[in-house]
Structure formats: structure tokens, C-alpha cells
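K.L.:
This is the structure, below, for whatever I ask next.
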Amino acid sequence: MRKTRSVLYVLAAIMTAGLISIIILFFSSDYSILGINDFKDAIKSYESPAITIPDKGETYYNKWKCFDTKNVEISEAQIDYNGWRPIPHIDAHSNTRSFYFDLDPVIYQWNTNVVLKNWGKLMNKQKHVCFFAAYLQTDPDGTSSWYIRKIKTLAGYWDVFNPAQDEVNP
């Protein structure tokens, strides 16, 4: 009986290691930026949607999207949300697709110049960047729009729910 139990434990360990290897291969586009805690955060984020559109019955969750920084451009966009105002914006491109990453205007209330400066510092001299963001829509030209929650590089991370990181004067 003990020998059977030991064999089962060994098989379970091998299967777990194999599953972890498959997950790592599946998420290999993270450019080694994302760690186990980032994947735990992603799994936990599925407990409640990041975006809910009740009249359409649609819900969207945050997930990680990673890019080579040479395919990423930080800028300022003008949005019409209770009047025109600037908001930090990122254009990112993969081999076949384009992405817009913005901050949700409902929760975004910080100094755009400071946020852009901090994003620039975070991505400066980095080869890759990952965005933890929720899908919003796809434009007619095929560009998908996302709302950013976190940005991560090997130099550190930025989180929309940590406004203290953006209270420094520009």
C-alpha cells in the first residue's frame, strides 16, 4: 500500500512538473518578465471581470500581453469623457496585429505628464514590456483596444491602482 502511495505521489509530481512546463511554454511570449506571482494575479483576476458591458451582456478580464519595446510607442491621446482631456496612451504592434493601450477614464485621475514620464523610465533601455490589461473592443481597421491595469518590465512595474507612484511633480 505504501509503495502504491509513493508511486502515486511521484506520478503526481511528474504530472505537475509537466503541466508547469507546458504553461511556461504556452506563455513563453512573456520574455521572462513575468513570474509566478504575475500568473497567480492573472488567475485571481478571473474572479471578477475588469470590464462589464451590461447592455451587451459582455464581460472582459485582465490578461498579460507582452511586446518587444521597439514595437511600442508611448504618447498622449485626447479622449472625450466629460469633455476632451489628455490621457496616457500606448501603441503596440506584434507581427500581425496592432493594439491600443489606454487608461480607463473612469478610474484615471492622475497627471498625464507624470504617468508618461514614469512609463518612459520603466521602458527605458528595456527590450521587452508586458501589459496586464482588459480587452475593450476591436476597431474597424483591426486594432484592438485595451485598458491597462499594470505595466511590467525587468526594471519594475507600474499599477493603475497605486497612485502614489505618480504623485511626483514632472
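If you're matching positions, the sequence shown starts at 1104 in the working numbering and goes up one per residue. Yeah, the Cβ is synthetic: ideal placement off N, Cα and C, and Gly gets one too.
Using only alpha-carbon positions, find the residue among H1231, V1218, G1259 and Q1268 that is nearest to F1170.
P.N.:
As a first step, residue 1170 is located in the sequence shown; it is residue number 67 there, counting from the start. The shortest C-alpha separation from F1170 is found at H1231.
K.L.:
Any chance you could list the alpha helix (DSSP H) runs of at least 4 consecutive residues sitting entirely within the stretch 1176-1247, in chain order?
P.N.:
Complete alpha helix (DSSP H) runs here, min 4: 1215-1226.
K.L.:
Less than 7 Å between the CB of Q1268 and some heavy atom of the ligand NAD, yes or no?
P.N.:
As for the ligand NAD, it is missing from this structure, which has no ligand bound.
K.L.:
By how many angstroms is the C-alpha of N1198 removed from the C-alpha of W1213?
P.N.:
By one-based count along the sequence shown, residue 1213 stands at place 110. By one-based count along the sequence shown, residue 1198 stands at place 95. Each residue's Cα considered, the two are about 33 Å apart.
K.L.:
Compare the beta carbon distance of W1167 and D1194 with 8 Å and say whether it is the shorter of the two.
P.N.:
One-based indexing of the sequence shown puts residue 1167 at position 64. One-based indexing of the sequence shown puts residue 1194 at position 91. No, the pair does not count as a contact, with Cβ atoms beyond the cut-off.
K.L.:
With three or more beta-carbon pairs closer than 8 Å as the criterion, would you say the stretch 1218-1225 touches the stretch 1176-1194?
P.N.:
The stretch 1218-1225 vs the stretch 1176-1194: in contact.
K.L.:
DSSP beta-bridge partners for E1161?
P.N.:
Within the sequence shown, residue 1161 is the residue found at index 58, counting from 1. DSSP, once it has assigned bridges, lists I1156 as partnering E1161.
K.L.:
So, are the CB atoms of V1263 and I1210 less than 8 Å apart?
P.N.:
If you number the sequence shown from 1, residue 1263 lands on position 160. If you number the sequence shown from 1, residue 1210 lands on position 107. Yes. Within cutoff.
K.L.:
Please look up how many angstroms separate the CB atoms of T1215 and E1161, rounded, as I've assumed it's under 8 Å.
P.N.:
What you label residue 1215 is simply residue 112 of the sequence shown in a count that begins at 1. What you label residue 1161 is simply residue 58 of the sequence shown in a count that begins at 1. Actually they do not touch by this definition, with Cβ atoms about 28 Å apart.
K.L.:
Among all the DSSP beta bridges, which residues are the ones paired with I1251?
P.N.:
Residue mapping note: residue 1251 aligns to position 148 of the sequence shown, counting from 1. A1236, per the DSSP bridge assignment.
K.L.:
Tell me the residue span of the alpha helix (DSSP H) that contains I1136.
P.N.:
Along the sequence shown, read from residue 1 onward, the residue named residue 1136 stands at position 33. Note, I1136: premise wrong, no alpha helix (DSSP H); not H, not E.
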